[in-house]
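Beneath this line is the structure, given in structure tokens, with notes to follow.
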Amino acid sequence: MSKWYMITTNLLFACLGIAFMAFGLLGYRDSFKGATLFPHIIFTLMAILGAVIIVAALFGILGAYVKKKSLILVYMAIVLIALVYQVVIGVKVYQKASNTMQYLSTLWSSSNVHYRTHIQDQFSCCGFNNVMDNPAITDVCNPQHGIASAPPPCFDALTSYVHTSFKQVYLVVFAALAIEILALSNAITLLCTQAMDPDDEERRRRRKSGIRLDDLQSPDTLTGPNNHYYDEPKRENRKPDTINDNRYDSYDQYKQKQSNTYGDKYY
-14 MSKWYMITTN LLFACLGIAF MAFGLLGYRD SFKGATLFPH IIFTLMAILG AVIIVAALFG
46 ILGAYVKKKS LILVYMAIVL IALVYQVVIG VKVYQKASNT MQYLSTLWSS SNVHYRTHIQ
106 DQFSCCGFNN VMDNPAITDV CNPQHGIASA PPPCFDALTS YVHTSFKQVY LVVFAALAIE
166 ILALSNAITL LCTQAMDPDD EERRRRRKSG IRLDDLQSPD TLTGPNNHYY DEPKRENRKP
226 DTINDNRYDS YDQYKQKQSN TYGDKYY
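Structure, rendered in structure tokens:
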């Protein structure tokens, strides 16, 4: 059961790693709306985390077939590294989401015109708090052409996006820790199984199959007169307790004994 459980858990683990890697690569290439609002270091860390998880899953599946303690220990070490790495990513995303206004204000003021233009085009907005707040001048967003004709400010759209998207990301990251904990628990189970005495494991298996426990005993561990391995004490060390135990050295001694008992008339 632990073998198939290990395989199933690590297949889920590998799927999680693929998802993290895909998210990191797509975000790094700015392949979805609002990707530039995430710190680029998050996407790099996500891609690395996905690769680490995939490697750990491969070690876990291999450990289900190759019963080596060293392999399971390496697997556990990689999973622990991935777990800590994942917690760090979740905390970083949570910090940005919990302080949205300061994060977006700093991001907008420190970014260049090309970045602000890209954000304004994606969210159809102009400026930050208002159309006059450090906008990127474009054909659509140009306060000189009139404030009334300009798109709405970017503050509301960006704040709503960060609250929703960042929250979803860190919730998924923290929830995925459950899969890694399952993987660790199964690895510990395999270590405990390998640490069991092989004789005890064989005894447990045969007990379930209905074989008598006496048949599993070895001759060296059995004592008592009721089993076929019982070694009867040597006769020369026993004292005769009945007449049947007496032995005579010669036929003459036997004949003399019978003569004294019954007389010579029988001989």
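Residue 252, in our numbering, is where the sequence shown stops; the numbers in between run on with no holes.
Positions of the beta carbon are idealized from the N, C-alpha and C atoms, including for glycine.
Segment contact, 8 Å Cβ cut-off, at least three pairs: the stretch 72 to 89 with the stretch 145 to 159 = The stretch 72 to 89 and the stretch 145 to 159 touch, with no fewer than 3 CB-CB distances between them shorter than 8 Å.
query = Among K54, V51, G45 and R14, which has the Cα closest to the Cα of V64?
reply = Scanning K54, V51, G45 and R14 for the CA closest to the CA of V64 turns up G45.
message = Between the alpha carbons of L89 and H103, how many angstroms are there, rounded?
response = Between L89 and H103, the C-alpha separation is close to 15 Å.
query = DSSP state of F17, grouped into three classes?
reply = F17 falls in the coil class under three-state DSSP.
E165 versus Y100: straight-line alpha-carbon distance, rounded = If you draw a straight line from the Cα of E165 to the Cα of Y100, it comes to about 37 Å.
key: Residue interval of the alpha helix (DSSP H) (run including M61)   = Run containing M61: K54 to S83, per the alpha helix (DSSP H) assignment.
query = How should W(-11) be labelled, buried or exposed, when 16 other C-beta atoms within 10 angstroms of its C-beta is the threshold for buried?
reply = When all chains shown are included, W(-11) counts as exposed.
request  = Drop a sphere of 10 angstroms on the beta-carbon of F(-2), count the other beta-carbons inside from all chains shown, and report buried for 16 or more, exposed for fewer.
outcome  = Under this definition F(-2) is a buried residue.
request  = Indicate whether the contact test is met: 3 or more Cβ pairs, each with one atom in the stretch 9 to 25 and one in the stretch 140 to 152, closer than 8 Å.
outcome  = The stretch 9 to 25, when compared against the stretch 140 to 152, does touch it at the 8 Å Cβ threshold.
task = Kindly indicate which three-state DSSP category C110 falls into: helix, strand or coil?
result = Here C110 sits in coil by DSSP.
task = State yes or no: is the beta carbon of I132 nearer than 9 Å to at least one beta carbon in chain C?
result = You won't find chain C in this structure, because it holds only one protein chain.
inquiry  = Mapping the DSSP letters down to three states, classify T144 as helix, strand or coil.
reply    = It is helical.
message = Is it buried or exposed, L(-4), if we count other Cβ atoms within 10 angstroms and call 16 or more buried?
response = L(-4) is exposed by the Cβ-count criterion.
task = Run the CB neighbour count on T91, radius 10 Å, all protein chains shown included, and call it buried at 16 or more, exposed below.
result = Burial call: exposed.
request  = With a 10 Å radius around its C-beta and 16 neighbouring C-beta atoms as the bar for buried, classify L34 as buried or exposed.
outcome  = That one is buried.
Backbone secondary structure at S96 - three-state DSSP = S96 sits in coil when the DSSP states are folded into three classes, being neither helix nor strand.
message = Using the three-state DSSP reduction, which class does I132 fall into: helix, strand or coil?
response = DSSP, read as helix, strand or coil, puts I132 in coil.
ask   = Does the beta-carbon of V51 have 16 or more other beta-carbons within 10 angstroms, so that it is buried, or is it exposed?
value = Exposed.
query = Sorted by chain position, which residues of the same chain lie with C-beta nearer than 6 Å to W93's C-beta, five sequence neighbours on each side aside?
reply = For W93, where only same-chain residues beyond five positions count, the Cβ hits under 6 Å are F113.
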